[in-house]
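Chemist: Note that this note's numbering has the sequence shown beginning at -11, numbered continuously upward.
Glycine residues also receive a C-beta, built at the ideal position from the N, C-alpha and C atoms.
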Amino acid sequence: MKINKWPNLGRVIVLILMTALIILGIIIFNKKKNNVVSIKILSAKTPELTVMPTEIPTILPTKTPESTPISTITPTPALMSFEDMNKNFGPCVKVNVLMYHHIQNEDEAKTKNQTSLSVTPDFFRKHLQYLKDKNYTVIEPKDLIAFFGGAEQLSGKLAMITLDDAYEDNYINAYPILKEFGIKATIFTPTGLVNNPDYFTWDQMNQMKDLVYFGNHTWSHHSSGGTEEKQDEEIGLADKQLGEKGFNDQKVFAYPYGKPSGNAEEVLKNKNYNLAFTTTYGNIMCKQKSFELPRIRMGNALLNKYGL
Ligand SMILES: [Zn+2]
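(1) Just the C-alpha distance for N184 and L256, rounded to the nearest angstrom, thanks.
(2) Alpha carbon to alpha carbon, how far is P282 from M273? Give it in angstroms, no decimals.
(3) For N288, tell me which candidate among N84, E94, M68 has the shortest Cα-Cα distance.
(4) Tell me which residues share the same chain as E168 and place their Cβ nearer than 8 Å to its Cβ, disregarding the 5 neighbours each side in the sequence.
(5) Using the C-alpha atoms, what's the distance from D186 back to S249?
(6) What does G203 pair with, by DSSP beta-bridge criteria?
(7) Just to be sure I understand the criterion: a residue counts if its Cβ is closer than 5 Å to at least one heavy atom of ligand 1. Which residues meet that?
(8) Return the Cβ separation of L146 and V83 in integer angstroms, given the expectation that the two are a contact with Cβ distance under 8 Å.
(9) I need the DSSP call for I223, collapsed to helix, strand or coil.
(10) Measuring straight from C-alpha to C-alpha, what distance separates F279 and E96?
(11) Leaving out five residues on either side along the sequence, give the residues of the same chain with a beta carbon under 8 Å from the beta carbon of Q276.
(12) If you draw a straight line from the C-alpha of K172 to the C-alpha of A226, how long is it?
(13) Alpha carbons only, please: which of Q92, M87, K122, D131 is nearest the one belonging to P164?
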């Protein structure tokens, strides 16, 4: 019995060591398995990033998954090229859609605390002069609709002028300058604000309609978040009011506050809308993104500062 005691202890030690090795093996195997899982998640996220072409490049890096354990797998944040956009969402065309709000002098803008949404009449004129000097063709929403429908070819350097919110200064300051150049523009109009103080009137809209297209910007400048019912009410009422006055026959929309939403898009499609503009930065217009069209926000700087 005493002779067998030591070999037994040896067996026990060997057994413990083997068990420890097996546990260690399981731990290592599981860790590797977890890594494989996280790689799969990462690579699954990659397409999402590349489908964000209209974002400003500086916004993209924050969309990179933060808990990336293996840096070499991190996708390179980059805007999609025109060719890639055309392949995925085409047909596409490059149009610099310039976005304005107030057109007023700096003093006025400061007094009213509207400097961030204002461009001076002087700069507005300089912008139109630049487009003319550099041989830009200023197109209208109907040209873009025709292009998406395959009925019109667009070529050369293209621009579109848009102003949001129906401010009276558009009539007082912008319209005369548009008239000077014979350049057409689109004003996205929250119809419930028309005839209110600081907003233009239905009568002034009639006066401007030779050069200005009036698009839907909801009734009360309502954000595109919220229920489909609310979107239907807001978009529907503006659609009805514009239609009754003989405006917006091309069914063009701009999202108040710039952000698109699934509910708003659904309502717009149900109401046979053709185009919807955001405030997202970019100048590539694609047919399959015609409800998320990008624009370029203007300020008091020359157009070459905006890449034109
Ligand atoms: Zn607006």
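Modeler: Taking the structure as given:
(1) 26 Å
(2) Roughly 7 Å separates the two Cα atoms.
(3) E94
(4) So the list reads R113, L116, once near-sequence residues are dropped.
(5) 29 Å
(6) F176
(7) D152, D153, P244
(8) 4 Å
(9) helix
(10) 34 Å
(11) N76, F77, G78
(12) 22 Å
(13) Q92
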